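Inspection log for the structure reproduced underneath, given as structure tokens.
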Amino acid sequence: MLWQFGELGYEFSINYCPNGTISENCRVDVKPIRWEYFQAEDRKRLYELTSKVIAFKTKYEVTETRDYRGDLFSSIRKTFQLDHPEFLTTVLGNFDLVPQPFFPNFQQTGWWYEYFTGDSLLVTNVNQTINLQPGEYRLYTSKNLNQTDFISSTFDLHADYQLQLFPNPTREEINLVYTLQQPDSVDIAVFDLNGKLLQQLDIGQMPSGRFQAHLPLHLPSGSYWLKLRTERGQQFLKFVVQ
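Note that the sequence shown covers residues 340 to 581 in the working numbering.
Here you go:
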């Protein structure tokens, strides 16, 4: 259950008093209304993330399974797994203040799909290492739940990086131009129309400004999505390989 504006990171205690103090006697007093929260980028991202978590919980029967296991209490590296005929789920979360390696013990090898970003991962060893940054989390499923709507996933902040691609259509390479309003970490990924990750280029930390990047392509003829992603959002453009 979420209390008022909890999905936007509401920061006032339920015991908050009108005079700004904290007391259990003020539990049912009127609390500040913060409609402006929705205009804050980080809060809106939390709102959209919460929305997608709720959608996962209510839409898929895997969340009702009794076949589950995990380590949620004895470690700062939290893991949780759900098994269901519909699909399998592996959840990872780094609750430490430093990066941590995970050995997720995936239930099977093959392609796994990260629910929040639409990224895909080819698992050849169920205990292959996955490194997570402080506070980072992953929700992997054995079925691609984003085949039709991954480009509008709730992680997408509808960011506008003035992204341009050329040439389009192309053959063996593509150039992209983008703008950063402030310094940010940038990576580029190419997906097929089913959301499968095909290529990735980690550009790294960049200052603010207008930039150009070059990406050699190793793809058969067809249509693809290019994703430019930063710490603050992502933008997609479709392109064609002839």
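Think of the CB as a built atom: it goes at the ideal place given N, C-alpha and C, for glycine as much as any other residue. Treat the numbers as computed from the prediction; the structure is a model and nothing was measured.
Determine the closest residue to residue 515 out of 370, 536, 556, 363, with distance taken between C-alpha atoms. Comparing Cα-Cα distances from residue 515 to each of 370, 536, 556, 363, the minimum goes to 556.
How would you call residue 432, buried or exposed, if buried means at least 16 neighbouring beta carbons within 10 angstroms? Buried, since its Cβ has 16 or more Cβ neighbours within 10 Å.
If you check the beta carbons only, do residue 468 and residue 428 fall under 8 Å apart? Not a contact, by the Cβ cut-off of 8 Å.
I'd like to know whether the C-beta atoms of residue 484 and residue 500 end up nearer to each other than 8 Å. With respect to the 8 Å criterion, residue 484 and residue 500 are not classified as neighbours on the basis of their beta carbons.
If contacts are defined as beta-carbon pairs under 8 Å, then residue 341 and residue 382 qualify, I think. What distance do you get, rounded to the angstrom? That pair is no contact at about 13 Å.
Alpha carbon of residue 363 to alpha carbon of residue 349, nearest angstrom: Going by the C-alpha atoms only, they are around 18 Å apart.
Separation of residue 361 from residue 505, as counted between CA atoms: Approximately 58 Å between the Cα atoms of the pair.
Taking the alpha-carbon positions, what's the residue 487 to residue 541 distance? Any reading at residue 487 must be qualified, since the residue scores a pLDDT of 38, below 50, and its modelled position is unreliable; the value itself is stated next. Spanning the two alpha carbons is a distance of roughly 25 Å.
So, for residue 404: in the same chain, excluding its five sequence neighbours on each side, which residues have a beta-carbon less than 8 Å away from its beta-carbon? Closer than 8 Å at Cβ, skipping near neighbours: 421, 422, 423.
What first and last residue would you give for the beta strand (DSSP E) that runs through residue 552? Counted as a single uninterrupted DSSP element, the beta strand (DSSP E) harbouring residue 552 occupies residues 548 to 555.
Per-residue burial, residue 394 [other beta carbons within 10 Å of its own, 16 or more giving buried]: Classification of residue 394: exposed, given that the 10 Å Cβ count is below 16.
Under the assumption that residue 560 contacts residue 580 (Cβ atoms under 8 Å), give the Cβ distance between them as a whole number of angstroms. The pair is a contact, with the Cβ atoms about 5 Å apart (cut-off 8 Å).
Please identify the residue among 578, 573, 558 whose C-alpha is closest to the C-alpha of residue 564. Closest by alpha carbon: 578.
By the 10 Å Cβ neighbour count, where 16 or more other Cβ atoms means buried, how is residue 457 classified, buried or exposed? It is buried - the Cβ of residue 457 has at least 16 other Cβ atoms within 10 Å.
Mapping the DSSP letters down to three states, classify residue 382 as helix, strand or coil. Correct three-state label for residue 382: helix.
Residue range of the unbroken beta strand (DSSP E) whose run includes residue 449: Bounds of the beta strand (DSSP E) holding residue 449 are 449 to 453.
So is residue 357 buried or exposed if we call it buried at 16+ other beta carbons inside 10 Å? So residue 357 ends up on the exposed side.
Below 8 Å between beta carbons: does that hold for residue 388 and residue 455? A contact, by the Cβ cut-off of 8 Å.
Sort out for me which residues DSSP pairs residue 405 with in a bridge. As DSSP reads the structure, residue 405 sits in no beta bridge.
Sub-8 Å separation of residue 376 and residue 419 beta-carbons: Taking 8 Å as the Cβ cut-off, residue 376 and residue 419 do not qualify as a contacting pair.
Which residue from 472, 466, 569 puts its Cα closest to that of residue 444? Closest option to residue 444, Cα to Cα, is 466.
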